[in-house]
Amino acid sequence: MTGPADNENPAHAPAAYDGLSHLLLAEEDPQSVLQRVVDQVKRAMPDGAEASITVLRDDRPTTAAFTGDLALDLDETQYGRGHGPCLDAAFGSHIVEIVDGRAESRWPDYIPTFLDRGAVSSIAVPVPAAGLVAGLNVYAPSAQTFSEQDRQTVVELASYAAVVLTNMDTLQDARELAENLQKALEFRSVIEQAKGILIERFKLTPDEAFRLLAEASMHNNRKVRDIAETLVLTGSLEVRFPLPDGATSTTPHDSQEGGRR
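Quick note, the sequence shown lines up with residues 385 to 645 if you use the working numbering.
Encoded structure:
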């Protein structure tokens with residue numbers, strides 16, 4: 385066994401905190417933010433360590449960001465088995481540390497791969513992000529790598545990661561809401577345009593015009609907005625009426641009577 389963290393560098397942690405505190409989500413895409421988080425974690429840890437962030441959505445884990453193949457490979461090994469230190473930490477909300485994999489009796493189907501990939505010790509801590517299950521993982525190539533200060537640093541950096549993940553999730557929700565609202569406005573606009581065409585062409589009321597669009601939607605098995613877009617772009621409103629033998633006939637609505645069939 386090697387001694388604890390002979391190469392620790394306490395000066396790295398404050399620099400990592402400073403780097404994370406200046407992350408501006410408005411100017412970064414989500415992936416680049418997460419990558420900067422794990423890069424800062426690696427910077428704060430002893431030499432040779434690699435870091436990753438596990439995020440679970442609908443109980444499905446993914447590695448959101450990582451600093452090297454060691455971290456990604458070991459994360460995915462645990463996902464494939466459905467258990468391991470990173471999942472235990474994320475789901476259990478407690479710190480999970482492997483001090484020396486050569487003497488580790490937990491996860492007997494995982495540890496051989498852990499050692500084979502070149503890791504000997506690791507630490508995984510929960511990331512307390514609102515509405516998310518997540519964990520911050522650090523893998524190291526030597527035994528007894530993490531000092532008490534390193535453990536505290538990982539916990540504190542996990543808190544920074546939690547803020548980033550929570551803000552990202554909130555930002556993503558806001559973006560999706562804005563996109564959905566924009567689409568709704570666009571759909572409403574084209575439907576209103578189509579109604580206007582029908583009102584002018586067939587002297588209908590607004591309600592009658594919408595019912596005609598709905599009728600066309602039902603008979604064509606297409607969405608109302610698609611029927612409206614076709615009408616606006618081509619000036620044509622067609623309805624497929626079912627015949628007794630199961631065939632269909634396309635009948636253009638080119639008169640007021642046709643429009644009310």
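The beta-carbon is built from N, C-alpha and C at its ideal position, and this holds for glycine as well.
None of these values were measured; they are calculated from a predicted model.
Endpoints, the beta strand (DSSP E) within which residue i is located
i      : result
Ala598 : It is not in any beta strand (DSSP E) - Ala598 instead sits in the alpha helix (DSSP H) that spans Pro590 to Asn604.
Thr497 : Taken as a continuous stretch (DSSP letters only), Thr497 belongs to no beta strand (DSSP E), being part of the alpha helix (DSSP H) at Ile495 to Asp500.
Unbroken alpha helix (DSSP H) run spanning residue i, endpoints
i      : result
Gly375 : A query on residue 375 cannot be resolved here, the shown segment of the chain reaching from 385 to 645 and no further.
Gly519 : Not the alpha helix (DSSP H): Gly519 falls in the beta strand (DSSP E), residues Val517 to Ala524.
Val616 : Val608 to Thr618
Spatial distance of residue i from residue j (CA atoms)
i      : j      : result
Asp610 : Leu617 : 11 Å
Val439 : Thr614 : 43 Å
Ala514 : Lys426 : 24 Å
Gln528 : Thr447 : 25 Å
Gln577 : Asn605 : 21 Å
Ile581 : Phe594 : 11 Å
Ser477 : Val539 : 11 Å
Ser505 : Phe571 : 55 Å
Gln415 : Ala542 : 17 Å
Tyr544 : Leu418 : 11 Å
Leu621 : Ala600 : 8 Å
Glu488 : Glu532 : 20 Å
Ile482 : Ile507 : 6 Å
Pro525 : Ile479 : 19 Å
Leu597 : Val548 : 46 Å
Asp484 : Arg535 : 15 Å
Phe530 : Asp442 : 32 Å
Given residue i as reference, the closest of the options once Cα atoms are compared
i      : options                           : result
Ala503 : Arg465, Leu458 and Val547         : Leu458
Pro445 : Arg465, Arg420 and Ser573         : Arg465
Ser573 : Leu418, Ile507, Val608 and Pro525 : Val608
Sequence-distant residues of its chain with Cβ nearer than 6 Å to residue i (five each side left out)
i      : result
Gln462 : Gly468, Cys470 and Leu471
Met429 : Val522
Thr646 : The question about residue 646 has no answer, for the chain in this structure spans 385 to 645.
Trp491 : Gly468
Ala449 : Leu418, Gln419, Val422 and Ile437
Chain-order list of residues whose beta-carbon lies under 7 Å from that of residue i (same chain, five-residue window excluded)
i      : result
Ala474 : Thr438, Leu440, Pro510, Val517, Ala518 and Gly519
Ala546 : Val511, Pro512 and Ala513
Asp493 : Arg465
Same chain only: Cβ atoms within 8 Å of residue i, ignoring 5 sequence neighbours per side
i      : result
Thr451 : Val422, Asp423, Val425, Lys426, Glu434, Ala435 and Ser436
Pro590 : Lys579 and Ile583
Thr550 : Ala513, Ala514, Gly515 and Leu516
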